[in-house]
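The numbers in my numbering rise by one with no breaks, and the one at position 22 of the sequence shown is 23.
Glycine is no exception: its CB is placed at the ideal position from the N, C-alpha and C atoms.
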Amino acid sequence: MNMSIWFLVGAILVFFMQCGFAMVETGFTRAKNAGNIIMKNLMDFCIGTVMFFLLGYGLMMGPHGALGLVGRPEWGMFLDFESFDWSSFVFQLVFCATAATIVSGAMAERTKFSAYCLYSAIISLLIYPIEAGWVWGGGWLSRLSFIDFAGSCVIHMVGGLSALVGAAILGPRIGKYTKNADGSITSNAIPGHSVTLGALGVFILWFAWYGFNGAAAADVEEMARIFGTTTIAPAVATVTCMLFTWRKNGKPDVSMCLNASLAGLVAITAGCASVDALGATIIGIVSGILVDLAVEVLDMRFHVDDPVGAVAVHCVNGIWGTIAVGLFACNESYGTKGLFYGGGLRQLGVQCLGVLTIGSYTVLCMILVFKVIRGTIGLRAGAEEEIEGLDVTEHGLANAYADFIPIESTLGVHSEGPVDTAGLQPFPLTLSSGLRETPVGRKRYTLVRILCDEARFGTLRDTMAGIGVTGMTVTNVLGCGTQKGKTGQYRGIEMSMHLTPKLQVDIVVSKVDPELVVAAANAALHTGEIGDGKIFVYDVEDVVRIRTGESGYDALQISEL
């Protein structure tokens, strides 16, 4: 197999990861910010491309000199287009874009778009190229045989640390945390609007990760081994997280398991070509537990609002995966063997040194970048903009899903038939004098409003028809009673209230006795279970049929067309 062709195919797969990140971030945030998330992921790559080819690539891949700290740009793409190594440029570019896009998720739903474009440009222009050059461009860490085959440290830890710094300086979303009277702080769940989109993004990322990890393989045999470890680690991490959250929370956590798949992929990235199946399994087990604990500690202990879990997935597991190479490396292809395979402490020490230096460099640079942006053009969107949604306020986009999802009515598809109303006694209502007494010559008009379970609507509809009710208005609503609906958890946080879907059925009657309507509705809907619903009765002053102009009693009766 021509590995140079596979090298470029791998680069294409890495580019496709932008789609995966966009879907994960969109699904794990609210619908009112979906367009903003998509725009940020698009501009990550577009702005990053401009910054990287102008200067970033030269700083990363240019000659590093004796100290190996910064490459010297040579701008071969401009001066010698034909002989320039375009394969290397395209490959390094798509990796650079990945580092920049990680930041988007942790700072989602409250960051100014202009500020985001600026710090994304700086990451691609200066921050990523310099530290990546230390490892992949002939810099000082590569000379120590630091192993980061595909970027657990260089890309994921750097992106995750940038996200952590940004989220901490930016502050949480409005409503994320509540300060109690005793001074304690409660974390409130803000669920994303589409787990389906999030899952789609995870599958896309997992698929593209075979190019992310495998593109630089020396031959087909090594590529196959990399594919193997790249499959084992995330699969084990996901199973571990499922069992861990199931035991801890009582039910397996869907969104956390999606994060666990990505955590396993991130952790195996550094050592995908250096560890064996056992090492990949252990890396996956630790990742599956680590991602859940990191999400909860950051949220509940440090109150860092990360809507998508970017810090736990990329920063925490990027660090773990990089250090794990020093423990589980089983060959000497890219350095020395790990501690548990007879290599001693040398490789572990080099890995820890790389994490410490790259991490320190990233944190210091990003603190400076974010604080300068905050003090100049501003980092955070205004409170009104955040509440209304960044789609409208930042982009003039009324709805990212306008007319995309058709609403198909299923009301009344199932019906047990009307209840038997023969001999049914009208329900005695406590009516005000205004409802009991009507002027001479005027009929009484009454609105009966019924809140009920959709599953019982067919029976209600047929029962109403059986007693002579000729019309009704039905609306989908959300609500809860004193029981507060169902309780559950989102990413380890107990939901304090869950609004359940109900139907609101409005019936205005005059000829039909409202007390009979209430009695028939009660008979149709009663199951004895919590959530059967409620019935409200209101006086109606008058009613007008628009088509004919009829009013009062006549407007409520069947008329000729």
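Would you check if the distance between the CB atom of residue i and the CB atom of residue j is smaller than 8 Å?
| i | j | result |
| --- | --- | --- |
| I567 | V449 | Outside the shown range of the chain, which is 2 to 562, sits residue 567, and nothing can be said about it. |
| P235 | M243 | no |
| V71 | G134 | yes |
| R381 | T30 | no |
| T447 | P515 | yes |
| G215 | A271 | no |
| Y129 | G57 | yes |
| C273 | T239 | no |
| T528 | G467 | no |
| D306 | R174 | yes |
| G251 | G265 | no |
| H194 | G140 | no |
| N42 | F17 | no |
| A151 | I38 | no |
| R492 | S288 | no |
| A268 | N332 | no |
| S326 | I148 | One point to set straight first is that residue 326 is Val, not Ser, in the sequence displayed. Their beta carbons are under 8 Å apart, which means V326 touches I148 by this criterion. |
| M367 | V166 | yes |
| G534 | V544 | no |
Under the assumption that residue i contacts residue j (Cβ atoms under 8 Å), give the Cβ distance between them as a whole number of angstroms.
| i | j | result |
| --- | --- | --- |
| V420 | T471 | Between T471 and V420 the Cβ distance is about 19 Å, and since that is not below 8 Å, they are no contact. |
| G49 | A101 | 5 Å |
| G199 | G28 | 3 Å |
| T282 | V237 | 5 Å |
| I103 | G172 | Actually they do not touch by this definition, with Cβ atoms about 19 Å apart. |
| L9 | V91 | 7 Å |
| G570 | L119 | In the structure as shown, the chain begins at 2 and stops at 562. Residue 570 is therefore absent and cannot be evaluated. |
| R375 | I205 | Contact flag wrong, Cβ pair sits at about 33 Å. |
| S88 | S5 | 7 Å |
DSSP on residue i, reduced to helix/strand/coil?
| i | result |
| --- | --- |
| C453 | strand |
| Y402 | coil |
| G49 | helix |
| D533 | coil |
| E495 | strand |
| P192 | coil |
| M18 | helix |
| S121 | helix |
| V545 | strand |
| V538 | strand |
| R437 | Note that R437 scores 44 on pLDDT, short of 50, meaning its location in the model is unreliable; the coordinates nonetheless yield the value given after this. The answer is helix: DSSP assigns R437 an H, G or I state. |
| S552 | strand |
| T422 | coil |
| I468 | coil |
| G558 | Strictly speaking, residue 558 in this sequence is Gln, with Gly absent from that position. Coil, per DSSP. |
| Y342 | helix |
Is any heavy atom of the ligand GTP found at a distance shorter than 7 Å from the C-beta of residue i?
| i | result |
| --- | --- |
| L244 | As for the ligand GTP, it is missing from this structure, which has no ligand bound. |
With a threshold of 6 Å on Cβ separation, who are the neighbours of residue i within its own chain once the five nearest residues in sequence on each side are excluded?
| i | result |
| --- | --- |
| H396 | G36 |
| L425 | A520 |
| L436 | Bear in mind that the predicted position of L436 carries a pLDDT of just 45, short of 50, making it unreliable; the figure below should be weighed with that in mind. Here the set comprises D540. |
| K503 | L452, V478, G480 |
| E582 | The question about residue 582 has no answer, for the chain in this structure spans 2 to 562. |
| G63 | G72, R73, P74, E75 |
| G212 | G11, L14, V15 |
| I573 | With the chain covering only 2 through 562, there is no way to say anything about residue 573. |
| S121 | D45, I48, A101 |
| I227 | N214, G215, A218, C273, A274 |
| E387 | R111, I175 |
So if DSSP puts residue i in a beta bridge, which residue, or which two residues, is it bridged to?
| i | result |
| --- | --- |
| Y211 | None, per the DSSP bridge assignment. |
| D507 | R450, T474 |
| G480 | T501 |
| R381 | T112 |
| T179 | T187 |
| Q352 | BP columns for Q352 are empty, so no partner. |
| Q93 | Paired residues: none, contrary to the question. |
Cβ of residue i less than 8 Å from any chain C Cβ?
| i | result |
| --- | --- |
| M78 | In summary, chain C is missing from the structure at hand, where a single protein chain is found. |
With a threshold of 7 Å on Cβ separation, who are the neighbours of residue i within its own chain once the five nearest residues in sequence on each side are excluded?
| i | result |
| --- | --- |
| N400 | none |
| L346 | L340 |
| E223 | A274 |
| T363 | I128, E132, V159, L162, S163 |
| G344 | A330, T337, K338 |
| F428 | E516, V519, A520, N523 |
| V393 | A399 |
| S153 | V267, A268, T270, A271, G319, G322, T323 |
Can you find the residues in the same chain that come closer than 8 Å, C-beta to C-beta, to residue i, ignoring five residues on each side of it along the sequence?
| i | result |
| --- | --- |
| V510 | Y446, T447, V449, V470, V518, L557 |
| D555 | R546 |
| N189 | G176, K177, Y178, T179, I494, S497 |
| I378 | K113, S115, A116, L119 |
| L279 | F329 |
| I559 | T471 |
| G77 | S84, F85, D86 |
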